[in-house]
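As given, the protein sequences belong to chains A and W, one line each in that order.
For the record, in the first sequence the residue sitting at position 166 is 166 according to UniProt numbering, with numbers rising by one throughout.
For the record, in the second sequence the residue sitting at position 203 is 203 according to UniProt numbering, with numbers rising by one throughout.
Using N, Cα and C, we set each Cβ at its ideal position, and we do this for glycine too.
Owing to the predicted nature of the structure, the values given are computational and were not obtained by experimental measurement.
Here the structure is laid out as C-alpha cells; the discussion comes afterwards.
Number of protein chains: 2
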Amino acid sequence: MNIQDPHPIKWQFSERAQGLQSSFIREILKITQRPEIISFAGGLPSPATFPVERMRAAYDKVLLDAGKVALQYGPTDGFAPLRAWIADSLSTEGTKILPEQILMVSGSQQALDLIGKVLIDEGSRVLVETPSYLGALQAFSVYRPEFASVDTDDDGLVPSSIDAVAKGARLLYALPNFQNPTGRSLSLARRRELVETCARLRLPLIEDDPYGALSYTGAPMPKMVAMHPDGVIYMGSFSKVLTPGIRLGYVCAPLPLVRRLELAKQAADLHTAQLTQMVVYEVVKDGFLDEHIPTIRALYGRQCRAMLDAMAEHFPAAVSWTKPEGGMFIWVTLPKSIDAMQLLDTAIASRVAFVPGAPFYANAGETNTLRLSFVTVPPERIREGIAILGKLIAALL
Amino acid sequence: MNIQDPHPIKWQFSERAQGLQSSFIREILKITQRPEIISFAGGLPSPATFPVERMRAAYDKVLLDAGKVALQYGPTDGFAPLRAWIADSLSTEGTKILPEQILMVSGSQQALDLIGKVLIDEGSRVLVETPSYLGALQAFSVYRPEFASVDTDDDGLVPSSIDAVAKGARLLYALPNFQNPTGRSLSLARRRELVETCARLRLPLIEDDPYGALSYTGAPMPKMVAMHPDGVIYMGSFSKVLTPGIRLGYVCAPLPLVRRLELAKQAADLHTAQLTQMVVYEVVKDGFLDEHIPTIRALYGRQCRAMLDAMAEHFPAAVSWTKPEGGMFIWVTLPKSIDAMQLLDTAIASRVAFVPGAPFYANAGETNTLRLSFVTVPPERIREGIAILGKLIAALL
Chain A
1 MNIQDPHPIK WQFSERAQGL QSSFIREILK ITQRPEIISF AGGLPSPATF
51 PVERMRAAYD KVLLDAGKVA LQYGPTDGFA PLRAWIADSL STEGTKILPE
101 QILMVSGSQQ ALDLIGKVLI DEGSRVLVET PSYLGALQAF SVYRPEFASV
151 DTDDDGLVPS SIDAVAKGAR LLYALPNFQN PTGRSLSLAR RRELVETCAR
201 LRLPLIEDDP YGALSYTGAP MPKMVAMHPD GVIYMGSFSK VLTPGIRLGY
251 VCAPLPLVRR LELAKQAADL HTAQLTQMVV YEVVKDGFLD EHIPTIRALY
301 GRQCRAMLDA MAEHFPAAVS WTKPEGGMFI WVTLPKSIDA MQLLDTAIAS
351 RVAFVPGAPF YANAGETNTL RLSFVTVPPE RIREGIAILG KLIAALL
Chain W
1 MNIQDPHPIK WQFSERAQGL QSSFIREILK ITQRPEIISF AGGLPSPATF
51 PVERMRAAYD KVLLDAGKVA LQYGPTDGFA PLRAWIADSL STEGTKILPE
101 QILMVSGSQQ ALDLIGKVLI DEGSRVLVET PSYLGALQAF SVYRPEFASV
151 DTDDDGLVPS SIDAVAKGAR LLYALPNFQN PTGRSLSLAR RRELVETCAR
201 LRLPLIEDDP YGALSYTGAP MPKMVAMHPD GVIYMGSFSK VLTPGIRLGY
251 VCAPLPLVRR LELAKQAADL HTAQLTQMVV YEVVKDGFLD EHIPTIRALY
301 GRQCRAMLDA MAEHFPAAVS WTKPEGGMFI WVTLPKSIDA MQLLDTAIAS
351 RVAFVPGAPF YANAGETNTL RLSFVTVPPE RIREGIAILG KLIAALL
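Printed below as a string of C-alpha cells:
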C-alpha cells in the first residue's frame, strides 16, 4: 500500500511556530562559506584553538574505563562530578555556589529555550539590551513575549534606564562580557548598579557569559551571579573555551528555578549526553583550561589588534567602532546615510562578508550598524578585507 | 558586593511550566537502583548490548581524521551522510524517502518536544493510545493540549475508534511496534486501516518507532511512513539498537513540516553534536547494525521468554498479560480489586520493583495495570522476582 494522496495535508502550525524564522546569520553563513570570500560574518570560534588530541585521549580513556556507564542513559541534571567542578569554579570567597544549582544543557542555546519555556507567557515583557544576542531573541520569540529594549551607550547596558521599562517584566537578559554583537563589556560599577536595580525590582537577571574567559587584557571581571545568587541566572558554555560541536553548556540558577528548568529539560530531551560530560570533566578537571585559554586569548587578541589597526588605517573618519578587550566581535557604526544591508551586497561582490546589525535589535534596528568577527581570519586577510570594506564605505559617502 | 536579600524573588513560572512534573518512572528509578532490588521498573536498554569497543574505535578514527570539523558547530538539519543513510534505510520499493526529509535530533524525546512546539496550540486536541508512552505525554503536555484517548484492545490501537474523537485533532501519536508500555504491536491490516483513516481525516500520524528493529520472531513489520509519506511523521532512534547515552535520534517528515521542525530546533539547541553524528555514521555505514541487532534480539528474547514462563508458573489465574514478540516490555492487568501502586509498596519491601500503569494513561488511568521490563535482569533473577510478585498478588486476592 502506498497512498498517493490527491489532497495532502495542509499543515496547520501552532501560533508560536508561525513566527519561526531562520537566523539571518545562518543564512549569510551559507553564502559566505565559499573559500574566496574573506568572511568577518562568522560567529564560530577558530578551529585552530580546538584541543583535538586532548579530546581524543579523553574519549579513549572514558570509553575504556567506563564505557557502559558513559553510553547509558544518565540523570537529567547532569554528570555529578562536572556539576561540582562548575559550582566550585563559580564560587567566590563571599558566595558559595552549590552543585545542586547547576543544570547541564546541550549548549547554552538550550538554556535560553528552557528559560523562555519556564518564565515567559505569551505577551510577557522581556527586557533585552540594544542590540542583543540574536540567538536569545530567537529562542525567547518562540514563547511570544513582548520585547522591551533597555538603553545602551558606549559602555554597554545603562542600568538607570531599566526602571522606565520594568513594569511587568519577567526577566532581563544581558551579556556583560564582550557582548555579542557589540564586543562591549560592563564596568564593575555598572555591574553592581545592574544587580542592585534588578534585586530592587525583583527582576530575574540572566547573565549570559560565553566569552567572559576570553579577556585579552587581564583577569576576567567579577560575575554578577556571585553578587546576588538568589536573583541571577548564570549561563556558561564550553563552546568558546574548548569546542562548540560537542554541544555542552550549563545554567546556574536559584534552587526553585533550576528544579523547574530540569523538569523542562527532562520533557525536552531527557538529558545531555553522559559521554560528552564525562569527557569534558576528564579534560578540565586537572586545570587544563588554565593553560589552554591563554592560547585562545593570544590568538584572538592578535587578530583583534590587526583588525582594529586596519580599521584605523582604512575606514573613513565618519565611521566609528567598538574597541573590545576580549571576545570575538567588533561593532561598527556607519554614517546614518549608509544601509549596512546595501553595503553587504557590494562587499560580497568584492569577496568580503560581515553581518548587518539590524537583526540584533529586538525592536526597531539601526540599519547603519554591522558586526565583524576576527577570530577565524589570519591577520593578512584581515588587513586585505578591511581595506576593501574601507574603500566600499568611502565610495558610498 | 553580595546582596543578602531579605525579600528574594518569588519565581513566577509560565503557565506551561506550572504543570511540569517529573516523570513518575524517573522517580521510581531512583528508589529501585539499589543493588538488592530486582528491578523490572527500568526502561533502559541492557548495557551488555552496547558495542563499546566499536564506538571507541569510531571516536578515535573520526577525531583523528576530521577532528576540527567534528568539534566545530554544524548544520541544524544534521550530518549529511548520516541523513542520506537514514533516508536510504527508510526507503522502500514503492516509496523513496529523501535526505531532505530527515532532521537529526538529540534523542527522539527531542523530536516529541519539537513536534509539540510546532503543531500544538493551547487546547489543541491530541490523540494518543490507551495507554501511551509517558515521555510523549510529558513532552506534549508542555504545550497544553487536550488529550483524547483512542481505544485499544489486545491487538493495540483500534483504528475504527478514531473518527469518534478526531474532530479538531492536530495529530495522532502511535507507537506501532512493541509499544511502550504494553509491548503490543499492530497487525499489518491495522496499520493499513490506521494510515487510511488518518489520510482520510487529513490527520498527521506520528509513528514513533524506537523498538521496531527488536523483533524476536522475524522480519520487522512494514513502516507506516512508507505507506503514506505525505501524512506520516516517523521518529527513529539509535538508543535501542546502539546506545542511548549519546542522545541521537531522527525525524522523517514531509518537507513543509520538517523545515519548520528544523527552525524550532535551531532556536532550541542550534544542532545536535557533529561528533556524535559522524561517529554513528562511521559505526553504521558498512552494515554493522545487521550483525549487531540480532545479538540484542537474542538476549532480550531469552529474557522475555524467561519472564513469560515464570509468569505462567507463578501468577494467579486472575492475572493477564501481553505476550510481546519484541521490544522491552510486558504489560500486566491485575484483577480490578488490586491497586498496582499498593502492590508496588509491598513489592519494594520484598525487593522487587515495577512501574504502575496509571501514569501511562493520558486521561483516567487503569489502576490495576503495571509494566514489567525484562531487558536488564538475568533469567534467574527474573524467575526469583516474578515468583515473589506472584506470591504478593495472590496474597492481595
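Minimum Cβ-Cβ distance from residue i to chain A less than 8 angstroms
i                      : result
W:Trp11                : yes
W:Asp339               : no
W:Val280               : no
residue 404 of chain W : In the structure displayed, chain W extends from 1 to 397; residue 404 of chain W sits before or after that span and is not available.
W:Pro244               : yes
W:Val251               : no
W:Arg260               : yes
W:Leu370               : no
Any chain W beta carbon closer than 8 angstroms to residue i
i                      : result
A:Lys117               : yes
residue 403 of chain A : Coverage of chain A is limited to positions 1 through 397, which leaves residue 403 of chain A absent and any answer about it impossible.
A:Pro204               : yes
A:Gln21                : yes
A:Val284               : no
A:Val241               : no
A:Arg26                : yes
A:Arg192               : yes
A:Arg383               : no
Of the residues the options, the one placed nearest residue i, counting alpha carbons only
i                      : options                                : result
A:Val355               : A:Glu325, A:Asn363, A:Ser373           : A:Ser373
residue 414 of chain W : W:Ile393, W:Ile388, W:Ala353           : There is simply no residue 414 of chain W to check, as chain W begins at 1 and stops at 397 in what is shown.
W:Ala169               : W:Pro181, W:Glu146, W:Ala80            : W:Glu146
A:Asp5                 : W:Cys198, W:Ala70, W:Ala41, W:Val126   : W:Cys198
W:Pro222               : W:Pro379, W:Pro176, W:Tyr250           : W:Pro176
W:Asp208               : W:Gly107, W:Ala347, W:Ser160           : W:Gly107
A:Thr76                : A:Val105, A:Lys61, A:Ala70             : A:Val105
W:Ala148               : W:Ile296, W:Asp155, W:Glu129           : W:Glu129
A:Leu289               : A:Pro51, A:Leu29, A:Ile28              : A:Pro51
A:Asp309               : A:Thr376, A:Gly357, A:Gly287, A:Ile382 : A:Ile382
W:Ile338               : W:Leu397, W:Gln303, W:Ala358, W:Met328 : W:Leu397
W:Ala362               : W:Phe13, W:Met1, W:Val150              : W:Val150
Residue i: contacting residues in chain W (beta-carbon distance under 7 angstroms)
i        : result
A:Pro256 : Trp11
A:Met227 : Met1, Asn2, Ile3
A:Lys68  : Pro47, Phe50, Val52
A:Leu63  : Val52, Met55, Arg56, Tyr59
In DSSP terms, what residue i is bridged to
i        : result
A:Glu207 : A:Ala174, A:Tyr234
A:Ile65  : First, the residue type needs correcting, since residue 65 of chain A is Asp and not Ile in the sequence shown. Paired residues: none, contrary to the question.
W:Ile102 : W:Cys252
A:Pro356 : A:Leu370
A:Ser39  : A:Ala353
A:Leu157 : A:Thr152
W:Trp321 : W:Val332
A:Arg125 : A:Glu146, A:Ala169
A:Ser215 : A:Gly326
Near the ligand COA: residue i beta-carbon under 7 angstroms from a heavy atom
i        : result
A:Ala267 : Annotation note on the ligand COA: not contained in the displayed structure, which lists no ligands.
7 angstroms Cβ cut-off: residues of chain A touching residue i
i       : result
W:Glu15 : Asp121
Within chain A, partners of residue i - CB distance below 9 angstroms
i        : result
W:Asp230 : Ile3, Gln4, Asp5, Pro8, Ile9
Per-residue contacts from residue i into chain A (C-beta, under 8 angstroms)
i        : result
W:Asp113 : Ala267, Ala268, Asp269
W:Arg247 : Ser106, Asp269, Leu270, His271, Thr272, Ala273
W:Ala264 : Ala17, Leu20, Val142
Interface residues of chain W facing residue i [CB-CB closer than 8 angstroms]
i        : result
A:Val195 : Met1, Ile3
A:Ala199 : Ile3, Asp5
### Message
Output needed in chain order: residues of the stretch 44 to 61 of chain W with a Cβ under 7 angstroms from some Cβ in chain A.
### Response
Leu44, Pro47, Phe50, Val52, Met55, Arg56, Tyr59, Asp60
### Residues of the stretch 157 to 177 of chain W whose Cβ lies closer than 9 angstroms to any Cβ of chain A, in chain order
Arg170
### Task
Could you name the residues of the stretch 132 to 157 of chain W whose beta carbon sits closer than 8 angstroms to any beta carbon of chain A, in the order they occur along the chain?
Gly135, Gln138, Ala139, Ser141, Val142, Tyr143
### Task
Quick one: which residues of the stretch 70 to 93 of chain A get their C-beta closer than 7 angstroms to a C-beta of chain W? List them in chain order.
Ala70, Leu71, Gln72, Tyr73, Gly74
### Query
What residues in the stretch 93 to 111 of chain A have a beta carbon less than 7 angstroms from any beta carbon of chain W?
Shown in chain order are the members of the stretch 93 to 111 of chain A whose Cβ falls below 7 angstroms from a Cβ of chain W: Gly94, Thr95, Ser106, Gly107, Gln109, Gln110.
### Query
Quick one, which residues of the stretch 292 to 313 of chain W are near chain A if we go by CB-CB under 8 angstroms, in chain order?
none
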